[in-house]
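So the sequence lines, in the order shown, correspond to chains A and B. With the numbering used here applied, the first sequence covers 61 to 378. With the numbering used here applied, the second sequence covers 86 to 720.
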Amino acid sequence: MNRAVPASEAPERAAAAAPASLTHLQRLEAESIHILREVVAECERPVMLYSVGKDSAVMLHLAVKAFYPALPPFPLLHVDTTWKFRAMYEFRDTTARRLGMQLLVHVNEEGLRLGIGPFTHGSQMHTDVMKTQALRQALDKYGFDAAFGGARRDEEQSRAKERVFSLRSVQHRWDPRQQRPELWALYNARKRPGESLRVFPLSNWTELDVWQYIWLEQIPIVPLYFAAPRPVVERDGTLIMVDDARLPLRPGETPMLKTVRFRTLGCYPLTGAIESNADTVPAILQEMLLARTSERQGRVIDHDAAASMEKKKQEGYF
Amino acid sequence: MGTPPELVAADTGAALRAQEPRSLLRFITCGAVDDGKSTLIGRLLYESRMIYDDQLTQLAADSKRLGTRGGELDFALLVDGLAAEREQGITIDVAYRFFSTRRRKFIVADTPGHEQYTRNMVTGASTAELAVILIDARKGVLTQTRRHSFLVQLLGIARVVLAVNKMDLVGYSRARFEAIVADYRDFAARINLSDITPIPVCAVHGDNIIQPGAAMPWYSGPTLLEQLESVEIDAGIGARAFRMPVQWVNRPNAEFRGFAGQIVSGSVKPGDRIRALPSGRESRVGRIVTADGDLQRAVAGQSVTLLFDSEIDISRGDLIAGGDSPPQVADQFEATVVWLHDEPMLQGRTYLMKAGTRTVSATVTPLKHKINVNTLEHLPAERLELNDIGVCELELDRAIPFEPYTENRALGGFILIDRLTNNTVGAGLINFALRRSQNVHWQVLDVDKQLRARQKGQRACVLWLTGLSGAGKSTIANRIEKKLALAGRHTYLLDGDNVRHGLNKDLGFTAQDRVENIRRVAEVSRLMVDAGLIVLVSFISPFRSERRMARALFAPGEFFEVFIDTPLAEAERRDTKGLYRKARRGELKNFTGIDSPYEAPENPEIRIDTTTVGPEEAAERVIAHLAALKVTGST
Ligand SMILES: Nc1nc2c(ncn2[C@@H]2O[C@H](COP(=O)(O)OP(=O)(O)O)[C@@H](O)[C@H]2O)c(=O)[nH]1
Chain A
61 MNRAVPASEA PERAAAAAPA SLTHLQRLEA ESIHILREVV AECERPVMLY SVGKDSAVML
121 HLAVKAFYPA LPPFPLLHVD TTWKFRAMYE FRDTTARRLG MQLLVHVNEE GLRLGIGPFT
181 HGSQMHTDVM KTQALRQALD KYGFDAAFGG ARRDEEQSRA KERVFSLRSV QHRWDPRQQR
241 PELWALYNAR KRPGESLRVF PLSNWTELDV WQYIWLEQIP IVPLYFAAPR PVVERDGTLI
301 MVDDARLPLR PGETPMLKTV RFRTLGCYPL TGAIESNADT VPAILQEMLL ARTSERQGRV
361 IDHDAAASME KKKQEGYF
Chain B
86 MGTPPELVAA DTGAALRAQE PRSLLRFITC GAVDDGKSTL IGRLLYESRM IYDDQLTQLA
146 ADSKRLGTRG GELDFALLVD GLAAEREQGI TIDVAYRFFS TRRRKFIVAD TPGHEQYTRN
206 MVTGASTAEL AVILIDARKG VLTQTRRHSF LVQLLGIARV VLAVNKMDLV GYSRARFEAI
266 VADYRDFAAR INLSDITPIP VCAVHGDNII QPGAAMPWYS GPTLLEQLES VEIDAGIGAR
326 AFRMPVQWVN RPNAEFRGFA GQIVSGSVKP GDRIRALPSG RESRVGRIVT ADGDLQRAVA
386 GQSVTLLFDS EIDISRGDLI AGGDSPPQVA DQFEATVVWL HDEPMLQGRT YLMKAGTRTV
446 SATVTPLKHK INVNTLEHLP AERLELNDIG VCELELDRAI PFEPYTENRA LGGFILIDRL
506 TNNTVGAGLI NFALRRSQNV HWQVLDVDKQ LRARQKGQRA CVLWLTGLSG AGKSTIANRI
566 EKKLALAGRH TYLLDGDNVR HGLNKDLGFT AQDRVENIRR VAEVSRLMVD AGLIVLVSFI
626 SPFRSERRMA RALFAPGEFF EVFIDTPLAE AERRDTKGLY RKARRGELKN FTGIDSPYEA
686 PENPEIRIDT TTVGPEEAAE RVIAHLAALK VTGST
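Spelled out as structure tokens, the structure:
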């Protein structure tokens with residue numbers, strides 16, 4: 061992001077910033093671009109895990125910048141659980157077409173055949189089979205040796221110590237004892253045949269940074285992030301959108317139209333909406349500045365007590 | 086969430102504008118266990134509204150259950166997610182925390198204060214621009230404080246905030262505070278730390294963290310947050326000479342050839358004269374390309390793509406430097422190394438070294454001394470263990486452009502990578518280039534290896550026989566040499582025992598000495614190969630790493646690893662020299678196979694199983710192998 065810093069209205073602040081100094085977003089952007097390029101320079105077959113959410117949108121935007129005027133020299137991979145919001149599928153295909161990038165979609169066919177889904181098998185099993193296992197299948201199938209993910213350290217306590225370059229064994233396992241120290245901007249991308257790296261270019265971004273950057277750079281995102289009237293049911297204190305006919309309504313439940321938006325996006329039955337009127341990025345930012353709950357609260361999956369984040373990560377979930 | 090309330094203007098546009106020009110400060114917090122580091126960070130997060138209601142509810146519950154504050158909110162719990170992991174044996178080095186105010190975004194490197202502290206602190210400090218050093222007001226300056234300060238200084242952090250915590254427990258005493266500060270300044274001056282801002286704080290109550298503490302009216306300096314918000318960031322890095330390591334060459338089509346990288350110091354504009362290093366070729370900047378349009382100027386910190394006026398051969402790992410003031414290029418350095426791995430650093434061993442965007446091989450030549458981080462004493466040492474810091478010389482296989490770490494962190498800092506495991510095992514800071522590396526040039530001689538070998542009607546090579554003591558190496562080597570000599574070849578046999586009586590009689594059997602033993606023999610055989618000979622080396626050479634080092638000295642096709650594979654039980658049964666018996670009785674220390682490991686070759690050129698093949702047949706097989714490759718035939 062190379063736009064000039066606008067002259068600030070507060071004189072004290074203008075004095076504090078030396079003319080040549082970069083803003084926090086410019087520094088984050090430059091760091092992420094550096095990371096993206098290191099992987100492309102040192103790995104054989106990188107891929108970008110594209111989850112269609114806002115973090116993926118920012119990561120993809122950074123990739124376009126990092127390799128401009130060339131296209132990012134890797135494909136996008138969407139691990140499709142088949143339970144994403146319809147608007148996400150639409151957005152995913154439009155985005156790949158707009159950028160002219162190759163999009164690979166992988167579904168765990170075995171899971172599909174067994175009919176694994178969030179309602180029949182619970183969120184934990186669904187996530188494990190359709191997301192974690194599916195991801196491993198896809199990485200093996202194409203032989204990728206490095207995969208970019210959009211995770212941020214501020215998302216959750218156990219991520220605070222995650223490396224930018226995270227080594228995975230031949231079985232895709234994360235061995236917390238084998239993680240390499242990371243100093244300066246010197247990332248160690250070496251690995252043995254079969255081992256792979258997960259790389260997180262947005263490690264040092266916060267949710268607020270992501271939104272500000274989306275606003276400043278006018279990055280397109282899935283419309284579900286913006287408030288609009290949508291059919292929802294309230295279930296265990298969470299607003300679940302009735303995105304298609306697969307949502308089994310419980311006795312007494314009737315979808316009602318509410319003006320809602322989503323702070324994170326995943327499988328629609330597992331993603332809670334919040335009531336909001338914020339239908340522009342500035343309005344979302346404004347709401348965030350006043351918000352009193354964390355982003356992950358909307359993820360039903362986190363409430364699943366048996367499955368701690370740490371455990372999921374060891375198994376290969378992002 | 087996010088930012089203090091003043092930011093939340095009724096008009097969203099104003100809120101956004103106020104957000105935009107923030108700067109970024111990365112800092113590290115250091116303190117001994119229980120000095121209050123977690124409490125302090127937790128409070129900063131809380132007071133800058135980075136804590137959400139759902140987390141606060143959790144905190145209130147945890148505080149009642151686990152807190153040390155009698156049910157009051159215990160902020161330490163907010164950042165103590167690490168405790169549980171420690172129990173599970175998970176390596177925690179650094180946890181990163183984020184908060185922001187309307188002026189700045191902050192990234193805090195939080196390092197647990199326990200074992201492996203040096204490694205963790207060095208990792209966190211490598212990217213920090215400021216350090217908050219915590220002191221418990223009751224305890225004053227401790228050995229730990231000195232150690233942290235030394236590491237802070239070593240890693241090139243110029244600015245220190247000395248947070249004297251738990252002032253409530255010393256009656257908010259000004260005299261106590263001033264005595265600690267004087268004591269600290271005394272020590273800091275000895276290690277050249279001068280930019281110190283002392284602040285008396287009480288982390289549990291929040292005094293002088295964000296707001297001035299009413300209990301300390303005598304203190305008129307900045308609060309911790311004020312200091313963090315106003316300290317100058319990276320002053321001067323933009324004013325220095327232009328430097329950009331090339332990460333990636335961008336060639337989308339025949340017309341466009343751009344060099345992508347992140348500028349590490351100085352600035353650049355179209356028309357500037359540049360020099361590419363190590364080649365020394367010059368050109369001028371044509372365009373500075375970004376996806377947002379060409380730039381008229383780019384500065385330190387930015388990631389850009391440069392186009393040059395003339396076709397110039399540059400690849401990843403090269404350094405683009407301002408034309409008037411290019412940095413030095415050298416292949417031998419003195420460096421300070423911090424060891425990060427359980428497997429120690431040995432003299433003579435070769436590692437991969439990543440510096441900037443370039444990876445080369447680096448051999449540890451002498452290790453001069455290690456540094457006691459508590460007393461700053463220099464101690465003689467032969468190896469560096471985990472968390473040791475030492476000063477050593479490094480010899481690279483190629484010359485690289487560099488600047489001393491104290492002048493440029495990005496061009497003077499490097500990591501060492503184990504060639505076998507690929508682990509990051511060390512971190513280093515270049516102090517200076519050794520003079521001999523700049524002056525000694527390789528003598529290019531008219532009579533070369535090929536000519537010398539041709540005169541002898543052979544191709545020069547080395548047969549490297551490795552295996553346990555008593556495996557049969559010497560017997561087989563002797564037979565091979567005899568056969569070659571009979572066939573008119575020019576040979577030489579280097580035998581482990583014989584060399585230890587002469588060239589290597591100063592070496593024992595510790596791991597370091599074994600490494601040095603092999604290094605010398607490898608170098609000697611290289612000279613002999615250069616002289617055109619077929620060299621037979623008969624050495625136990627138990628470590629893979631050294632055999633690899635030896636192999637790396639030779640051109641492809643010149644080095645043959647011959648594994649004389651005899652199981653330990655069999656070698657011990659033969660025990661031709663009686664050494665195994667001695668070792669078993671404990672009269673011989675570090676005996677290979679007994680109390681020192683033998684790492685069998687993974688891919689030897691030739692493997693001889695002595696339980697099925699006798700010495701004569703073994704020698705014939707080796708010779709057949711060489712003949713098939715036309716090594717011994719005349720050329
Ligand atoms: N009285 C007092 N106690 C403090 C202060 N700061 C921290 N503590 C207490 O000191 C103990 C250790 O604090 P903690 O933040 O966990 O230390 P850490 O090991 O450095 O992270 C806890 O019981 C804190 O509540 C302070 O300013 N005053």
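The C-beta atom is built at its ideal place from N, Cα and C for all residues, glycine as well.
Other residues of its chain near B/Glu-701: CB distance less than 6 Å, five sequence neighbours each side excluded: Sequence index remark: in the second sequence, residue 701 of chain B carries index 616 (1-based). Annotation for B/Glu-701: no residue places its beta carbon closer than 6 Å to its own, counting only its chain and skipping 5 residues before and after.
Verify the CB distance criterion: does B/Ser-388 have a CB-CB separation below 7 Å to chain A? Here residue 388 of chain B corresponds to residue number 303 of the second sequence, with the count starting at 1. Residue-level contact by beta carbon holds for B/Ser-388 and chain A, with a gap shorter than 7 Å.
As a quick exercise: from A/Thr-319, A/Leu-120 and A/Val-302, pick the residue whose alpha carbon is nearest that of A/Glu-313. On the first sequence, position 253 is the one that residue 313 of chain A refers to. Its Cα nearest to that of A/Glu-313, the residue A/Val-302 stands out among A/Thr-319, A/Leu-120 and A/Val-302.
Along chain A, in chain order, which residues have C-beta atoms closer than 8 Å to that of B/Tyr-181? By one-based count along the second sequence, residue 181 of chain B stands at place 96. For B/Tyr-181, the residues of chain A that pass the 8 Å Cβ criterion are Arg-213, Ala-220, Lys-221, Ser-263 and Asn-264, in the order they occur in the chain.
Residues of chain A with CB closer than 8 Å to the CB of B/Gln-312, please, in chain order. By one-based count along the second sequence, residue 312 of chain B stands at place 227. Under the 8 Å cutoff, chain A gives no residues; its nearest Cβ is about 13 Å from B/Gln-312.
Along the region 234-247 of chain A, what residues have a CB closer than 9 Å to any CB found in chain B? Close to chain B, meaning a Cβ-Cβ distance shorter than 9 Å, are the following residues of the region 234-247 of chain A: Pro-236, Arg-237, Gln-238, Gln-239, Arg-240, Pro-241, Glu-242, Leu-243, Trp-244, Ala-245, Leu-246 and Tyr-247.
Cα-Cα, which of B/Ser-258, B/Thr-375, B/Met-206 and B/Val-246 is closest to B/Val-316? On the second sequence, position 231 is the one that residue 316 of chain B refers to. Comparing Cα positions, the closest option is B/Val-246.
Within the 7 Å Cβ cut-off, does A/Ile-274 reach chain B? Residue mapping note: residue 274 of chain A aligns to position 214 of the first sequence, counting from 1. No, A/Ile-274 does not count as interfacial toward chain B.
Note down the Cα distance separating B/Asn-428 from B/Glu-470, rounded to an integer number of angstroms. Numbered from 1 along the second sequence, position 343 holds the residue referred to as residue 428 of chain B. Numbered from 1 along the second sequence, position 385 holds the residue referred to as residue 470 of chain B. At residue 428 of chain B the sequence reads Glu, which differs from the Asn that was named. The alpha-carbon separation between B/Glu-428 and B/Glu-470 amounts to approximately 7 Å.
Is it the case that the region 355-369 of chain B contacts the region 301-310 of chain B, given that we only count it when at least three CB pairs across the two stretches are under 8 Å? The region 301-310 of chain B is not in contact with the region 355-369 of chain B.
Only counting runs of 4 or more residues, tell me where the alpha helix (DSSP H) segments fall wholly within the region 291-342 of chain A, in order along the chain. You should have found no qualifying run.
Coarse secondary structure for A/Gln-239, derived from DSSP in three states: For the purposes of this step, residue 239 of chain A is identified with residue 179 of the first sequence, where counting begins at 1. Three-state result, A/Gln-239: coil.
Which listed residue (B/Arg-328, B/Tyr-490 and B/Ala-704) has its alpha carbon closest to that of A/Trp-244: On the first sequence, position 184 is the one that residue 244 of chain A refers to. Residue B/Tyr-490 is the option with its Cα nearest to A/Trp-244.
Can you check DSSP and say which residues form a bridge with B/Asp-292? Stepping through the second sequence from its first residue, residue 292 of chain B is reached at position 207. Per DSSP, B/Cys-287 and B/Gln-296.
Is A/Glu-104 helix, strand or coil when you go by DSSP? Indexing the first sequence from 1 puts residue 104 of chain A at position 44. A/Glu-104 carries a coil assignment under DSSP once its states are collapsed to helix, strand and coil.
Closer than 8 Å by beta-carbon distance: list the chain B residues that pair up with A/Glu-98, in chain order. Here residue 98 of chain A is taken as the residue at index 38 of the first sequence, counted from 1. Result: Gln-332 and Thr-442.
Cβ-heavy atom distance between B/Thr-308 and ligand 1 below 6 Å? Position 223 of the second sequence, counted from the start, is the residue given in the question as residue 308 of chain B. Remark: the C-beta of B/Thr-308 is outside contact range of ligand 1, defined as less than 6 Å to any heavy atom.
Let's test the definition: count the other Cβ atoms within 10 Å of the Cβ of B/Trp-527 and tell me whether it reaches 16, buried, or not, exposed. Walking along the second sequence from the start, residue 527 of chain B turns up at place 442. Model confidence at B/Trp-527 stands at a pLDDT of 41, short of 50, so the residue's coordinates are unreliable and nothing is read from them.
Please list, in chain order, all residues of the same chain as A/Gln-217 whose beta carbon is under 6 Å from its beta carbon, the five residues on each side excluded. In the first sequence, counting from the first residue as 1, residue 217 of chain A sits at position 157. If you ignore the 5 residues before and after A/Gln-217, its C-beta comes within less than 6 Å of no other C-beta in its own chain.
Which term fits B/Gln-543, buried or exposed, when burial requires 16 or more other beta carbons within 10 angstroms of its beta carbon? By one-based count along the second sequence, residue 543 of chain B stands at place 458. The C-beta of B/Gln-543 has 16 or more other C-beta atoms within 10 Å across all chains shown, which makes the residue buried.
Any beta carbon from chain A within less than 7 Å of B/Arg-171's own beta carbon? Within the second sequence, numbered from 1, the residue matching residue 171 of chain B stands at position 86. Its pLDDT being 49, under 50, B/Arg-171 is placed unreliably in this model, and the coordinates cannot settle the point.
Any heavy atom of ligand 1 inside 6 Å of the beta-carbon of B/Val-118? Along the second sequence, one-based indexing puts residue 118 of chain B at 33. Indeed, a heavy atom of ligand 1 lies less than 6 Å from the Cβ.
Show which residues of chain A have a CB atom less than 7 Å away from the CB atom of B/Arg-204. Against the second sequence, residue 204 of chain B aligns to sequence position 119. Chain-ordered, the chain A residues with CB closer than 7 Å to the CB of B/Arg-204 read Pro-241.
Would a check of beta-carbon distances place A/Ala-333 closer than 7 Å to chain B? Residue mapping note: residue 333 of chain A aligns to position 273 of the first sequence, counting from 1. Answer no: the Cβ-Cβ gap between A/Ala-333 and chain B never drops below 7 Å.
Is there a C-beta anywhere in chain A that falls below 7 Å from the one on B/Lys-122? On the second sequence, residue 122 of chain B is found 37 positions in, with the first residue counted as 1. Output row for B/Lys-122: interface = no.
What separation, rounded to the nearest whole angstrom, lies between the Cα atoms of B/Asp-256 and B/Tyr-202? Against the second sequence, residue 256 of chain B aligns to sequence position 171. Against the second sequence, residue 202 of chain B aligns to sequence position 117. The amino acid at residue 256 of chain B is misidentified as Asp; the sequence shows Gly. It is roughly 31 Å from the alpha-carbon of B/Gly-256 to the alpha-carbon of B/Tyr-202.
Quick one: is the Cβ of B/Asp-253 within less than 6 Å of any heavy atom of ligand 1? Numbered from 1 along the second sequence, position 168 holds the residue referred to as residue 253 of chain B. Result yes, Cβ under 6 Å from ligand 1.
Assumed close pair A/Tyr-202, A/Val-100 - CB separation to whole angstroms, cut-off 8 Å: Residue mapping note: residue 202 of chain A aligns to position 142 of the first sequence, counting from 1. Residue mapping note: residue 100 of chain A aligns to position 40 of the first sequence, counting from 1. The Cβ separation is near 16 Å, so there is no contact.
Can you say whether B/Asp-377 is buried or exposed, counting buried as having 16 or more other CB atoms within 10 angstroms of its CB? To locate residue 377 of chain B, count along the second sequence from 1; it is residue 292. Exposed is the call here.
Nearest chain A C-beta to B/Ile-113 closer than 7 Å, yes or no? As a working note, residue 113 of chain B is residue 28 in the second sequence. Contact with chain A is absent for B/Ile-113, since none of that chain's Cβ atoms lies less than 7 Å from the residue's Cβ.
So B/Phe-628 packs on B/Val-606, CB below 8 Å; how close in whole Å? Here residue 628 of chain B refers to the residue found at position 543 when the second sequence is read from its first residue. Here residue 606 of chain B refers to the residue found at position 521 when the second sequence is read from its first residue. Between B/Val-606 and B/Phe-628 the Cβ distance is about 13 Å, and since that is not below 8 Å, they are no contact.
Could you round the C-beta distance between B/Ile-693 and B/Ile-649 to whole angstroms and report it? I think they count as a contact, below 8 Å. The sequence position of residue 693 of chain B within the second sequence is 608, counting from 1. The sequence position of residue 649 of chain B within the second sequence is 564, counting from 1. The pair is a contact, with the Cβ atoms about 5 Å apart (cut-off 8 Å).
Sorry if obvious, but does the Cβ on B/Asn-728 come closer than 6 Å to a heavy atom of ligand 1? Since the first and last residues shown for chain B are 86 and 720, residue 728 of chain B lies out of range.
If the cut is a Cβ gap below 7 Å, which residues of chain A does B/Asn-791 touch? With chain B covering only 86 through 720, there is no way to say anything about residue 791 of chain B.
Helix, strand or coil at B/Ala-562 according to DSSP, with G and I counted as helix: Against the second sequence, residue 562 of chain B aligns to sequence position 477. Helix.
Proximity to A/Trp-439 [Cα-Cα], best of A/Gly-160, A/Ala-211 and A/Leu-164: Here chain A covers residues 61 to 378 and nothing more, so residue 439 of chain A does not appear.
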